[in-house]
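S.K.: Protein chains in written order, with full-length UniProt numbering: chain A, 1 to 217; chain B, 1 to 217; chain C, 1 to 217; chain D, 1 to 217.
Below you'll find the structure I mean.
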DNA sequence: CATGAATGAGCATTCATTCAT
DNA sequence: CATGAATGAATGCTCATTCAT
């Protein structure tokens, strides 16, 4: 699944990159406030700091903006996530930290994540598929970790259960955004991470002695 | 939170009910295919089997259609759900069956549920609040059951954990629709119910001897 | 110029008369508030006290309502006017009283007159012509009186001046309604009649000794 | 009472001015033929020589067109009027000429004036108030002149009578348009000016020796 | 490269009128 | 005679996209 090509009339790659960063920043803000359909291309151009004509020098259609947003959000999630993960941890502690870090990245990028999940359905088939692949690539990161834990005897799950557990981890992250109207009333991000990971861990059939031995409380 | 009043120029209540059923049926189909913003009122009218003028005899604005859809979907969920629940079961078996039934209702009403979750953000504040209250009222049904199990010593959760577990049940239901592009490839509804409830039960700190003793496998 | 025939599906003349009175009463009220174009036939029906279907049993089109209004207003003006005029007066006093009475009738029927003058342009050519004839017939009443005064040597005007003076009388009446936003702030109806008739009388070249000898002040 | 701001998406002030002139010209023509409500925005755009989209680049709503018309008409009246007035005249001659010039401006701008008086009632409260203020500002021009004549002993009127006389002058101008179906059959503009000003002057209690000494006949 | 004026297809909504009951 | 549900042409307005400067 290769990256969809967004057409540009401009040659200078550096400039393309710069302008598209401006576009994505403006679009996330606007899409979050008013939704994709409620936002006009004029508004995106204006908030980006240039004219509607210039906007169309860097994109081919309004949908491209949404695609750029989704692409950038995934990129930023992975980047921020990697920066948070401590490569010196092992076993359950490592798993805990990876999930915890993921939740916290989602927390920091709430608006971006929300926009992506609520608006990506407006993408064309091609672009949507690309975005879904990105989603799967994140899932496979968790799968790798869970398999390692299973192989180390820390959790007891078959392949089907591992896959499901990974969906649950991802969705537990997303629900922090799309259910924030209620969940963020009930918990702060620390409590949410703690309780949610605890339930996920138990769900994974984690050995009693392994779980929560040295975990943050 | 009282029901929002959708205005109608027609007096015959029976007719209003009938026509609105037609409207909701057409709208779910269309919104599912093309989204709320991608569907025109003319299409809704036409698919409903009457003219655009007649459509507006039964609603005040396009948004009302979405509201009618959300309201009807919740109503139908609860109704179908209640019909599936066996009032003779107790304890863990009852809890299992209630969650299982919920998942199966969501399964049968996939399109409706998907539309509701993806498009309800286009509702006005008032209408959205009403819909969110409905969501909470479903959550509180699960809370009641979980508290009963906790009081019976079947699960060990504090109040915060109960609330979170209920969110997880609800979201596990919804994800069967909004992640169906991948989840329904990996599992059929039977497998999904089984595995998902298993992980949820473990997450609830269910006593080993209680869980899965007499459950379907 | 014969009365335009407004079609009715109903045979009973008495009923037609009754219903049309209701229609005119409702229409004047509504047209005054919201204008002819801002008023819907449904509103006219509802305010009249019956259904839209019934409304169309007594008229052929929305324009007919306006025509009925104009016709009724002229009729009522003339009727009220005649009732006010004292047939025992003569000369200048009679002229004064006729103009004064006319102004006072317009005052009492402000809303009706305003509607007629502001909305009659929406009539079809035929109907408009009929209404304009009514206007002329009122003008000719004044002309008859002015000629009598001229023949009695009370005023000195040629035929052209008489006609113009009559226009001025009529318009002085109407302006009490269409300039009421300012004129009725500056004068009450008594002052307006007095000052306005005084200026009109002077304009008519009224003999000094004749004018205002026995007039109300 | 400051000028209502009509929104435009276009930045070039020169272009805004040009396009709005086209719009006003087209709108006067169409409103005169078919009234404000009988004219569609599409027709205005087409008659203006551009597309409906372009029309809405220069106005915010249909009502704005009417406002632009009224504003432009008043501006043009005053401008044309000032150009006609001979600043070397004095006394009665000056007053005569000012009224005469006013009537002749109204004559030349018949359609515009008619549209303004018949359709301004469709303006919103704010815009209507602004237009009425313009009307009053014209009235105050006459008031200034009449007071000068009174102070010079040429006419004998108290303040109340002056105000009323000014209303009568204005309305005498307007009636040349709104009663043109009959008045313009009876008089040409020259005769109308002569007779009407004569009656107005007499109404103002003008001294016999002052009036009509050197006036055009 | 950047600008922004121009375009017109498309949409939600209204409302006079009809006609079956 | 009365009712009111149904109709659909018509309208004000929006907005993604283009292209001449």
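Idealized CB from N, CA, C, for every residue including glycine.
Could you check whether the Cβ of residue 173 of chain B sits closer than 7 Å to any Cβ belonging to chain A?
M.R.: No, residue 173 of chain B does not count as interfacial toward chain A.
S.K.: May I have the straight-line CA-CA distance separating residue 95 of chain C from residue 146 of chain C, to the nearest angstrom?
M.R.: In a straight line, the C-alpha of residue 95 of chain C is about 8 Å away from that of residue 146 of chain C.
S.K.: Quick one: which chain B residues come within Cβ less than 7 Å of residue 164 of chain A?
M.R.: Chain B residues near residue 164 of chain A: 195, 196 and 199.
S.K.: What separation, rounded to the nearest whole angstrom, lies between the Cα atoms of residue 35 of chain A and residue 3 of chain B?
M.R.: Whole-angstrom Cα-Cα distance: 25 Å.
S.K.: At the level of alpha carbons, what is the spacing between residue 43 of chain B and residue 61 of chain B?
M.R.: Roughly 14 Å between the two C-alpha positions.
S.K.: Using 10 angstroms around the beta-carbon of residue 168 of chain A, count the other beta-carbons present and answer buried if the total reaches 16, otherwise exposed.
M.R.: Buried, because 16 or more other Cβ atoms sit within 10 Å of the Cβ of residue 168 of chain A.
S.K.: Return no unless some Cβ of chain C is closer than 7 Å to the Cβ of residue 184 of chain D.
M.R.: So, not an interface residue.
S.K.: What are the boundary residues of the alpha helix (DSSP H) that includes residue 168 of chain D?
M.R.: Where residue 168 of chain D is concerned, the enclosing alpha helix (DSSP H) stretches over 159-178.
S.K.: Relative to the C-alpha of residue 111 of chain B, which candidate in B:27, B:87 and B:100 has its C-alpha closest?
M.R.: The shortest Cα separation from residue 111 of chain B among B:27, B:87 and B:100 belongs to B:27.
S.K.: Along the alpha helix (DSSP H) that carries residue 144 of chain C, what are the first and last residues, could you check?
M.R.: Run containing residue 144 of chain C: 125-151, per the alpha helix (DSSP H) assignment.
S.K.: Is residue 59 of chain B helix, strand or coil when you go by DSSP?
M.R.: In this structure, residue 59 of chain B counts as coil in the three-state DSSP scheme.
S.K.: Between which two residues does the alpha helix (DSSP H) harbouring residue 17 of chain B extend?
M.R.: Looking at the DSSP string, the run of the alpha helix (DSSP H) that includes residue 17 of chain B is 13-34.
S.K.: CB residue 156 of chain B to CB residue 202 of chain A, shorter than 7 Å?
M.R.: Cβ atoms of residue 156 of chain B and residue 202 of chain A: not closer than 7 Å.
S.K.: Can you tell me which of the three DSSP states residue 206 of chain B falls into?
M.R.: It is a strand residue.
S.K.: Touch check for the region 117-124 of chain D and the region 185-197 of chain D: three-plus C-beta pairs under 8 Å?
M.R.: Because the criterion of three Cβ pairs below 8 Å is not met, the region 117-124 of chain D and the region 185-197 of chain D do not touch.
S.K.: Over what stretch of residues does the alpha helix (DSSP H) that includes residue 50 of chain D continue unbroken?
M.R.: Element bounds for residue 50 of chain D: n/a, residue is neither H nor E.
S.K.: Evaluate contact between the region 162-182 of chain A and the region 173-187 of chain B, counting only Cβ atoms and requiring at least three cross-stretch pairs below 8 Å.
M.R.: Short answer: they touch.
S.K.: Flag this pair as yes or no: are the beta carbons of residue 106 of chain C and residue 173 of chain C separated by less than 7 Å?
M.R.: For residue 106 of chain C and residue 173 of chain C, yes; Cβs fall inside 7 Å.
S.K.: From which residue to which residue does the alpha helix (DSSP H) around residue 98 of chain A run?
M.R.: Start and end: 91-108.
S.K.: If the cut-off is 9 Å on Cβ atoms, which residues from the UniProt domain "HTH tetR-type" (17-77) of chain D count as contacting chain C, listed in chain order?
M.R.: Within the UniProt domain "HTH tetR-type" (17-77) of chain D, the qualifying residues are 35, 36, 37 and 38.
S.K.: Step through the CB atoms of chain C and report whether any lies within less than 7 Å of the CB of residue 14 of chain D.
M.R.: Chain C contact via Cβ: absent.
S.K.: So, do the region 87-94 of chain A and the region 136-152 of chain A have three or more beta carbon pairs nearer to each other than 8 Å?
M.R.: With the cut-off at 8 Å, the region 87-94 of chain A and the region 136-152 of chain A touch.
S.K.: Count the C-beta pairs between the region 52-72 of chain C and the region 48-63 of chain D that are closer than 8 Å, then say yes if the count reaches three, no if not.
M.R.: Touching, no, given that fewer than three Cβ pairs across the two stretches are closer than 8 Å.
S.K.: If I measure Cβ to Cβ from residue 81 of chain C and keep anything under 7 Å in the same chain, skipping five residues before and after, which residues do I get?
M.R.: 101, 102 and 105.
S.K.: Residues in its own chain within less than 6 Å of residue 113 of chain C by CB, not counting five upstream and five downstream?
M.R.: For residue 113 of chain C, where only same-chain residues beyond five positions count, the Cβ hits under 6 Å are 106 and 177.
S.K.: Compare the Cα-Cα distances from residue 218 of chain B to each of B:187, B:200 and B:186 and report the closest residue.
M.R.: Because chain B here runs from 1 to 217, residue 218 of chain B falls outside it and cannot be looked at.
S.K.: When Cβ atoms are compared, which residues of the region 99-121 of chain C fall closer than 9 Å to chain D?
M.R.: Listed by position along the chain: 117, 118 and 121.
S.K.: Please tell me whether residue 171 of chain B and residue 171 of chain A are closer than 7 Å, where the distance is taken between their beta carbons.
M.R.: Closer than 7 Å, so yes.
S.K.: In angstroms with no decimal places, state the Cα-to-Cα distance between residue 9 of chain D and residue 118 of chain A.
M.R.: If I take the Cα positions, the gap works out to 31 Å.
S.K.: Kindly indicate which residue of C:126, C:49, C:134 and C:186 has the alpha-carbon position closest to the one of residue 136 of chain D.
M.R.: Answer by Cα proximity: C:186.
S.K.: Which residues, in chain order, does the region 148-164 of chain A contribute to contact with chain B at a C-beta distance below 7 Å?
M.R.: If the cut-off is 7 Å between Cβ atoms, the region 148-164 of chain A has 160, 161, 163 and 164 near chain B.
S.K.: Using a Cβ-Cβ cut-off of 7 Å, state whether residue 203 of chain C counts as contacting chain D.
M.R.: Chain D, which has a Cβ nearer than 7 Å to the Cβ of residue 203 of chain C, makes this yes.
S.K.: For residue 115 of chain B versus residue 32 of chain B, is the C-beta distance shorter than 7 Å?
M.R.: Closer than 7 Å, so yes.
S.K.: Tell me whether residue 86 of chain A is buried or exposed, calling it buried when 16 or more other Cβ atoms sit within 10 Å of its Cβ.
M.R.: Per the 10 Å Cβ criterion, exposed.
S.K.: Buried or exposed: residue 48 of chain A, going by 16 or more other Cβ atoms within 10 Å of its Cβ?
M.R.: With 16 or more Cβ atoms within 10 Å of its Cβ, residue 48 of chain A is classed as buried.
S.K.: Just the C-alpha distance for residue 144 of chain A and residue 63 of chain B, rounded to the nearest angstrom, thanks.
M.R.: For residue 144 of chain A and residue 63 of chain B, the distance between alpha carbons rounds to 45 Å.
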